[in-house]
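Notes for the one structure printed next.
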Amino acid sequence: MFDLIQRMFGKNDPCSKDIAKERLRLVLVHDRVNNSPQFMEMLKDDMIRAISNYVDINEEDMEVTFTTENSSMAIIANIPINSMKPKSTGRR
Amino acid sequence: MGQVIVVTSGKGGVGKTTTTANLGTGFALAGQKVVLLDADIGLRNLDVVLGLENRIVYDLVDVIEGNCRLRQALIRDKRYENLYLLPAAQTRDKNAVAPEQMKQLCADLSAQFDFVIIDCPAGIEQGFKNAIAGADKALIVTTPEVSAVRDADRIIGLLESEEMEDPLLIVNRIRPQMVQRGDMMDIQDMIDILAIKLLGVIPEDEYIVISTNKGEPAVTNEESLASTAYKNIVRRLMGEEVPLMELQVDDSFLGRIKKMFGMKG
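Going down the list, the sequences are from chains R and E.
Quick note: the first sequence uses the working numbering, first residue 21, plus one each step.
Quick note: the second sequence uses the working numbering, first residue 937, plus one each step.
So, in structure tokens, the structure goes:
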């Protein structure tokens, strides 16, 4: 009965199109990143450049990945550090 | 020089051929000289949608291989002045032509026609590369469904890397009642996700099936909603500002009561 009344007055359910939109948002970020290898390379290079101002990093073992988990996106970077840079060479 | 437009999508079955046929016929009805080019070699369908399947003598591959002159392969549609078709080959595959050859063909065609509209095959392989090679502008057809949108996004990315600027979006087969209920993505969702300029919206319309059955593009029918939508797109492509069609569902209280009792709104 309540169902009937609700239908008559139109209730707002979490609707399937919003689910679709959210899923697409995540899938497309993933697709775009994977389909453009230069993107990850450029991101990695920029990160190396910025971080190298402060620490000496092991570029070869550095890993940068995109993850989509539990409907949130994140960039996960694993950056092995060889040593801290001496304070005198800290550049802006 | 005429404009060379490619109608593409990535996903199959979203309405590229239907769109090509209807836009082409719409342009012809508006007095433009148009040629439609079926680039779906091996799986041709533009001929059948237009009702010209019995008129094919030579095809696109014949022209490119020099087996015939371009003039001999072009089929003039006797029903609409200035509408021509260059059909695809059915017994070859998409490796039969190369992008440079398509580019040359499109240049030759655009010298004779106001509009050259290319029906692109589904996919992203050789057929797609051939179809876009000679085009100035791309129209991306999608339906408001997850897989179609995903593929359209991929196509947009590929077009960008081919330096084809500013593709235009056509949202096809939209169902206003489903949109109303929140069961189908709406126009704004499409624009938000794909981030390209919207050219037009075509509602789901049973008449499309009928028009293909008969081989008479829907734009020739006055009452079909899809027909009006296609004609509006033609006008926009010719530079006119045409507002989007009102696709309203009767969502009033009375409308909802009627729906509950299975009556049409």
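Glycine residues also receive a C-beta, built at the ideal position from the N, C-alpha and C atoms.
These numbers were taken from a predicted model, which means no experiment stands behind them.
Residues within the region 1106 to 1124 of chain E neighbouring chain A, beta-carbon criterion of under 9 Å: Annotation note: the requested chain A is absent from the structure, which comprises protein chains R and E.
Pairwise C-alpha distance: E:Arg1015 and E:Lys969: As a working mapping, residue 969 of chain E is identified with position 33 in the second sequence. As a working mapping, residue 1015 of chain E is identified with position 79 in the second sequence. Straight-line Cα distance between these residues: approximately 14 Å.
Residues of the region 1089 to 1104 of chain E with Cβ closer than 7 Å to any Cβ of chain R, in chain order: Taking 7 Å as the Cβ-Cβ cut-off against chain R, the residues of the region 1089 to 1104 of chain E that qualify are Asp1089, Arg1090 and Gly1093.
Straight-line Cα distance separating R:Asn90 from R:Pro34: Against the first sequence, residue 34 of chain R aligns to sequence position 14. Against the first sequence, residue 90 of chain R aligns to sequence position 70. In this model, R:Pro34 and R:Asn90 are separated by some 17 Å (Cα to Cα).
Identified DSSP bridge partners for R:Ser103: By 1-based counting over the first sequence, the position of residue 103 of chain R is 83. Bridge partners of R:Ser103: R:Asp76.
Contact list for R:Asp76 against chain E, beta-carbon separation under 8 Å: For the purposes of this step, residue 76 of chain R is taken as the residue at position 56 of the first sequence. Simply none; closest approach about 36 Å.
At least 3 beta-carbon pairs within less than 8 Å: the region 1128 to 1139 of chain E vs the region 95 to 102 of chain R: no
Neighbour-count burial assignment, R:Gln26, 16 or more Cβ in a 10 Å radius: Residue mapping note: residue 26 of chain R aligns to position 6 of the first sequence, counting from 1. For R:Gln26, the predicted model reports a pLDDT of 49, less than 50, meaning its position is unreliable and no value from the coordinates is stated.
Separation of E:Gly1118 from E:Glu1036, as counted between CA atoms: Locating residue 1036 of chain E in the second sequence gives position 100, where the first residue counts as 1. Locating residue 1118 of chain E in the second sequence gives position 182, where the first residue counts as 1. So the two alpha carbons sit approximately 46 Å from each other.
Close-in-space but distant-in-sequence residues of the same chain around E:Asn1031 (CB under 8 Å, 5 per side omitted): By one-based count along the second sequence, residue 1031 of chain E stands at place 95. Contacts found: Gln1062.
Assigned secondary structure, E:Leu973 (DSSP; H/G/I helix, E/B strand, else coil): Within the second sequence, residue 973 of chain E is the residue found at index 37, counting from 1. In the structure shown, E:Leu973 sits in a strand (DSSP, three-state: E or B).
Straight-line Cα distance separating E:Val1107 from E:Ser1204: This structure gives no information on residue 1204 of chain E, because the portion of chain E shown stretches from 937 to 1201.
Under 8 Å by beta carbon: chain R residues contacting E:Val943: One-based indexing of the second sequence puts residue 943 of chain E at position 7. Within chain R, no residue comes near E:Val943; the closest Cβ sits about 22 Å away, beyond 8 Å.
Own chain partners of E:Leu1161 with C-beta closer than 6 Å, once the 5 adjacent residues on each side are dropped: The sequence position of residue 1161 of chain E within the second sequence is 225, counting from 1. Excluding residues within five positions, the ones whose Cβ falls inside 6 Å are Pro1139 and Asp1141.
Under 7 Å by beta carbon: chain E residues contacting R:Ala40: Here residue 40 of chain R refers to the residue found at position 20 when the first sequence is read from its first residue. Going along chain E in sequence order, the residues near R:Ala40 (Cβ under 7 Å) are Val1082 and Met1121.
Cβ neighbour criterion (16 or more within 10 Å) applied to E:Lys1133: Here residue 1133 of chain E corresponds to residue number 197 of the second sequence, with the count starting at 1. With fewer than 16 Cβ atoms within 10 Å of its Cβ, E:Lys1133 is classed as exposed.
Candidates R:Thr88, R:Pro100, R:Met104 and R:Arg69: closest to R:Val49 by CA position: Taking the first sequence and counting its residues from 1, one reaches residue 49 of chain R at position 29. If we check each option's Cα against that of R:Val49, R:Thr88 comes out closest.
Nonlocal neighbours in the same chain, by C-beta distance under 6 Å from R:Leu46, ignoring five residues either side: Numbered from 1 along the first sequence, position 26 holds the residue referred to as residue 46 of chain R. The answer, listed in chain order, is Thr88.
Burial state of R:Asn55 (16 or more Cβ within 10 Å): Position 35 of the first sequence, counted from the first residue, corresponds to residue 55 of chain R. Under this definition R:Asn55 is an exposed residue.
Residues, ordered as in the chain, of the region 1126 to 1153 of chain E that lie near chain R by beta-carbon distance below 7 Å: Ile1129
Any chain R beta carbon closer than 8 Å to E:Arg1005: One-based indexing of the second sequence puts residue 1005 of chain E at position 69. Interface annotation, E:Arg1005: not in contact with chain R, CB-CB separation never under 8 Å.
Neighbour flag for E:Arg991 against chain R, beta carbons, 8 Å: As a first step, residue 991 of chain E must be located in the second sequence, where it is residue number 55. Taking Cβ atoms only, chain R never reaches closer than 8 Å to E:Arg991, which makes this a no.
Own chain partners of E:Lys1200 with C-beta closer than 6 Å, once the 5 adjacent residues on each side are dropped: Counting from one through the second sequence, the residue named residue 1200 of chain E turns up at place 264. Because the pLDDT at E:Lys1200 is just 49, under 50, the model does not fix this residue reliably, and the point stays unresolved.
7 Å CB neighbourhood of E:Arg1111 in its chain, flanking five on each side removed: Position 175 of the second sequence, counting from 1, holds the residue named residue 1111 of chain E. Excluding positions up to five away in sequence, the list reads Met1120 and Glu1140.
Distance CB(E:Ala1069)-CB(E:Thr944) smaller than 8 Å: As a working note, residue 1069 of chain E is residue 133 in the second sequence. As a working note, residue 944 of chain E is residue 8 in the second sequence. Cβ atoms of E:Ala1069 and E:Thr944: not closer than 8 Å.
Cβ contact (3+ pairs, closer than 8 Å) linking the region 1171 to 1179 of chain E and the region 978 to 985 of chain E: no
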